[in-house]
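**Student:** Just dropping this structure here.
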Amino acid sequence: MTAPVVLWFRRDLRLSDNPALSAAVATGRPVVPVYILDGEGEDARPLGGAARWWLHGSLAALAADLDTRGAGLVLRRGPVRTVLTDLVRETGADAVFWTRMAGSDETPLADHLAGLGVTARRYAGSLLYEPEAVRNKQGQPFRVFTPFWKHLQTLDPPPRPLPAPDAIPAPTAWPDGDALEDWGLRPTQPDWAGGLRATWVPGEDAAHTVLEGFLDDQAPAYADQRDALGADATSLLSPHLRFGEISPRQIWHAVRDRPYDRGAESFLREVGWREFSYHLLHQHPAMHDEPLQEAFAAFPWRDDPEGLRAWARGRTGYPVVDAAMRQLWETGWMHNRARMIVGSFLVKDLLIDWRAGERWFWDTLVDACPANNTCSWQWIAGCGADAAPYFRVFNPVLQGEKFDADGAYVRRWVPELAGLPDRVLHKPWDAPALVLREAGVTLGETYPAPILDHKAARDRALAALETIKGPSQGGDG
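Just so it is clear: in the sequence shown, position 100 is 100 by UniProt numbering, and no numbers are missing.
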C-alpha cells in the first residue's frame, strides 16, 4: 500500500484555496486529514468560549465537505507532537503537510518528524504575503501600517485562489478519532450561546455566501458607512477569516474582480490591517502579553475589579460603551468602531491594563484572533507598533453622538434607554427629570449612573502617561 499523507488542519478549515490540501491530493497518495484540539502549535493558546462554539460548527461543516469528496476528518486532542507521532505510526504515513501560521515556531515539530523519517511540508495559505517577503527599504519588517499598506500595493498581486479538489484519496482504513460532540465545545449548563446561534452560521459555504452578500449590498457604501454603529455596513467576515473558512486571497481577488471603487479600496485596507497584525505577530509571538513599546512595561495600571466587571457586563453608565459590551456578550462580535471606543474606556478612563481587555475579548469574541485582537488592543492602549497616541482619549459621549447619531445602536442593545430623545440618549445624566420619567428611566435603578467622570478620568490618564513618557496633551475631549 502507498504510504498516506497526514494533512494537519489548523486555522485553514476549508477545501478551496488550501495549498496544503491541494499538494497532498497532488501526490496521488491517500490523505488522512486531522484536526487537533488546542493544537494550533507547540505552545498554542487555548481558545476562548465563543471561539470554541464556532469551532464546533466549523469542524462539522468541514467534515461534511470532506465526506462529499470521499474523505473523513480525524479528531484528536493532546500535544501536537504526540498526536502527529501517533498518527503517522498508526497509518504508516511518511509525510505530514500543513499550513504555516505566523507566530508559531514550527521548526522543532518539523525537525522531530524528520527524525522519524517523516517529511514535513509547510505551505503558505493564511496570508496574502509571507512575512519574510515584505520588508522596508532598510530590509526590516514594517512597524507602521500606512507605509506597510502602500508597499503591499506595489507588489505583484497574490496568487489566484486554488479550487477545491473534486476528490480526495482515502486510506483503506481510517484511524480512530474522537466524536466532535465529546469535545464539549458548545456550552450546555448553562447554554449561553443562543445569541451566537441566532447570528452566525460557521463553515466554508457560509463564508462565501457572506462575502458575496457583502460585495453585492454593503461594499459600494463601505467607505462612508463602515463607522456607523447602527448600520448594516460591515462584512461580518472576521470569524470566517479567523478560522480559515475563507482565505484572504479569495477575498482579495473577489473584490478586485469587481469594479474597484472607494468602498472596495477601504475594505481591502482593512484586510491589509489583518495582514499587518499577523506580520507583527510573526516578529513578536508573545505580543498578547508583552507591550511592543517597552516603556509601557512600567505603566501604572490600576487594579479595579469592580470597574472591570462593570465594563464587561455593559454597566458603566455610558450608553455607547454599554451597548457595545452587550452586543459582544449576546452575539460574540462587536463593531470595529465600538471596539475602539470600549478599548479606550477600559485602558484610559478606567486605567485598567489592556491585557485584561484582550483576555475578555479572547474569551467572548467568535473572531478572537491571536494577531488582530492583540494588535488592536496594543494600538488603542498606545503601546504597540503604529499605535494610537496614548494621549488620544476617546470621549464616549462624543463618540456615541458622532457614530450613533440617530441612537439606533444604543436603543438596540440598551433598550431601557430607548424612550429617551436623541439629544440626551448618549448622556442620560443631563436629561431633565421629566424627560427621564417619561422615558421610564431612573438612573441608578433602571440604568446605572456613570461609574466615573470622563474629564477627571482623562486627566488621570494623562498624568499616568507622564510617569513613563513625560508630559503630553491632546485627545478629543
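For every residue, glycine included, the Cβ atom is placed at its ideal position computed from N, Cα and C.
Can you tell me whether DSSP reads Ala71 as helix, strand or coil?
**Tutor:** Against the sequence shown, residue 71 aligns to sequence position 71. Ala71 falls in the coil class under three-state DSSP.
**Student:** Could you tell me the alpha carbon to alpha carbon distance between Val118 and Val134, rounded to whole angstroms?
**Tutor:** Counting from 1 along the sequence shown, the entry for residue 118 is found at position 118. Counting from 1 along the sequence shown, the entry for residue 134 is found at position 134. Cα to Cα, Val118 sits roughly 31 Å from Val134.
**Student:** From the DSSP output, which residues share a beta bridge with Arg77?
**Tutor:** If you number the sequence shown from 1, residue 77 lands on position 77. Partner(s): Leu37.
**Student:** Going by DSSP, name the residue or residues bridged to Ala64.
**Tutor:** Counting from one through the sequence shown, the residue named residue 64 turns up at place 64. In DSSP, Ala64 forms no bridge with anything.
**Student:** So who's on the other strand from Trp98, going by DSSP bridges?
**Tutor:** The residue given as residue 98 occupies position 98 in the sequence shown. According to DSSP, Trp98 bridges with Trp8 and Arg122.
**Student:** Could you say which of Pro108, Val321 and Thr446 lies nearest to Glu401 if we only look at CA atoms?
**Tutor:** Translated into the one-based positions of the sequence shown, residue 401 becomes position 401. Considering only alpha carbons, the answer is Val321.
**Student:** In the structure shown, what three-state DSSP assignment does Tyr447 receive?
**Tutor:** For the purposes of this step, residue 447 is taken as residue 447 along the sequence shown, with counting starting at 1. It is a strand residue.
**Student:** Could you pull the DSSP bridge partners for Val32 from this structure?
**Tutor:** Position 32 of the sequence shown, counted from the start, is the residue given in the question as residue 32. Val6.
**Student:** Between the C-alpha atoms of Arg274 and Gln189, what's the straight-line distance to the nearest angstrom?
**Tutor:** Within the sequence shown, the letter at position 274 stands for residue 274. Within the sequence shown, the letter at position 189 stands for residue 189. Approximately 35 Å, taken between the alpha carbons.
**Student:** I'd like the span of the alpha helix (DSSP H) that includes Trp413, first residue to last.
**Tutor:** For this step, residue 413 is matched to residue 413 along the sequence shown. Unbroken alpha helix (DSSP H) run through Trp413: Ala408 to Trp413.
**Student:** How long is the line joining the alpha carbons of Pro155 and Tyr129, rounded to whole angstroms?
**Tutor:** Position 155 of the sequence shown, counted from the start, is the residue given in the question as residue 155. Position 129 of the sequence shown, counted from the start, is the residue given in the question as residue 129. Reading off the sequence shown, one finds Leu at residue 155, where the question assumed Pro. Cα to Cα, the separation comes out at about 9 Å.
**Student:** Express the C-alpha separation of Trp192 and Ser58 in angstroms, rounding to a whole number.
**Tutor:** Here residue 58 refers to the residue found at position 58 when the sequence shown is read from its first residue. Here residue 192 refers to the residue found at position 192 when the sequence shown is read from its first residue. Taking C-alpha positions only, Ser58 is separated from Trp192 by approximately 19 Å.
**Student:** For Asp356, which residues of its own chain have a beta-carbon under 8 Å away from its beta-carbon, when the five flanking residues on both sides are left out?
**Tutor:** If you number the sequence shown from 1, residue 356 lands on position 356. According to the sequence shown, residue 356 is Ala rather than Asp. Same-chain partners within the cutoff: Leu308 and Leu346.
**Student:** So is Pro33 buried or exposed if we call it buried at 16+ other beta carbons inside 10 Å?
**Tutor:** Reading the sequence shown from its first residue, position 33 is the one you call residue 33. With 16 or more Cβ atoms within 10 Å of its Cβ, Pro33 is classed as buried.
**Student:** Identify, in the order they occur along the chain, each residue of the same chain with its Cβ nearer than 6 Å to the Cβ of Leu15, setting aside the five sequence neighbours on each side.
**Tutor:** As a position in the sequence shown, residue 15 is number 15, starting the count at 1. For Leu15, the CB contacts under 6 Å within the same chain, skipping 5 residues up- and downstream, are Asp65 and Ala164 in chain order.
**Student:** Hey, out of Val410, Asp459 and Glu290, whose CA is closest to Cys383's CA?
**Tutor:** Here residue 383 refers to the residue found at position 383 when the sequence shown is read from its first residue. Closest by alpha carbon: Glu290.
**Student:** Does the Cβ of Arg302 have 16 or more other Cβ atoms within 10 Å, making it buried, or fewer, making it exposed?
**Tutor:** In the sequence shown, residue 302 corresponds to position 302, counting from 1. That one is exposed.
**Student:** Go ahead and pull the three-state DSSP assignment for Cys383.
**Tutor:** Indexing the sequence shown from 1 puts residue 383 at position 383. Coil at Cys383, not helix or strand.
**Student:** Using a Cβ-Cβ cut-off of 8 Å (strictly less than) and excluding sequence neighbours within five positions of Tyr260, which residues of its own chain qualify?
**Tutor:** As a first step, residue 260 must be located in the sequence shown, where it is residue number 260. By the criterion of a C-beta distance shorter than 8 Å, Tyr260 is surrounded by no residue of its chain, once the five residues flanking it on both sides are discounted.
**Student:** Taking contact to mean at least 3 C-beta pairs separated by less than 8 Å, is the region 388-396 in contact with the region 358-375?
**Tutor:** no
**Student:** Which value, in whole angstroms, describes the spacing of the CA atoms of Asp367 and Leu434?
**Tutor:** Position 367 of the sequence shown, counted from the start, is the residue given in the question as residue 367. Position 434 of the sequence shown, counted from the start, is the residue given in the question as residue 434. Each residue's Cα considered, the two are about 43 Å apart.
**Student:** Between the C-alpha atoms of Ala323 and Ala338, what's the straight-line distance to the nearest angstrom?
**Tutor:** Within the sequence shown, residue 323 is the residue found at index 323, counting from 1. Within the sequence shown, residue 338 is the residue found at index 338, counting from 1. Their backbone Cα atoms lie some 9 Å apart in a straight line.
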